[in-house]
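Heads up, the thing below is written out as structure tokens.
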Amino acid sequence: MASFNIKTGDTVKVIAGKDKGATGTVTAVFREDDRVVVEGINLVKKHVKAMAQGQESGIVSVEAPIHVSNVMLVEGDGVTRVGFKKVEGTKKRADGSSYTVERSVRISRKTGEEI
74 MASFNIKTGD
84 TVKVIAGKDK
94 GATGTVTAVF
104 REDDRVVVEG
114 INLVKKHVKA
124 MAQGQESGIV
134 SVEAPIHVSN
144 VMLVEGDGVT
154 RVGFKKVEGT
164 KKRADGSSYT
174 VERSVRISRK
184 TGEEI
């Protein structure tokens with residue numbers, strides 16, 4: 074599976090669709106479907122039946138998932154593409170010795186800084 078550029082908690086801007094230009098925070102990511110749920114974006118009406126006593130039935134607005142290709146990560150004033158870079162670090166073993174490891178980090182293509 075390819076790496077995913079958008080994570081939960083990222084601030085994104087919608088670049089296509091009915092909510093084009095709106096920004097929001099990613100609340101859920103569905104990797105298998107390549108979709109994300111963005112807070113306050115792509116609201117759809119849903120009919121809800123009262124299941125428990127005291128709960129009301131009716132029509133509620135719910136955020137529906139949108140395709141990840143329709144959003145871009147927000148950085149500063151504008152949006153940026155996401156890249157990946159290998160960074161070396163050190164880890165310690167239980168016996169006290171250390172060793173070097175490589176980990177992949179997300180970087181901004183606009184500034185080159187780690188996200």
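In my numbering, the protein residues as written are 74 to 188. Positions of the beta carbon are idealized from the N, C-alpha and C atoms, including for glycine.
In this structure, residue 89 sits away from residue 117, with a CB-CB distance that is not shorter than 8 Å. Within the same chain, Cβ atoms closer than 6 Å to the Cβ of residue 100 are found at 110 and 112, the five residues on either side in sequence being excluded.
A straight-line Cα-Cα distance of about 6 Å links residue 152 and residue 145. For residue 176, the enclosing beta strand (DSSP E) starts and ends at 171-181.
In this structure, the alpha-carbon of residue 142 lies about 20 Å from that of residue 178.
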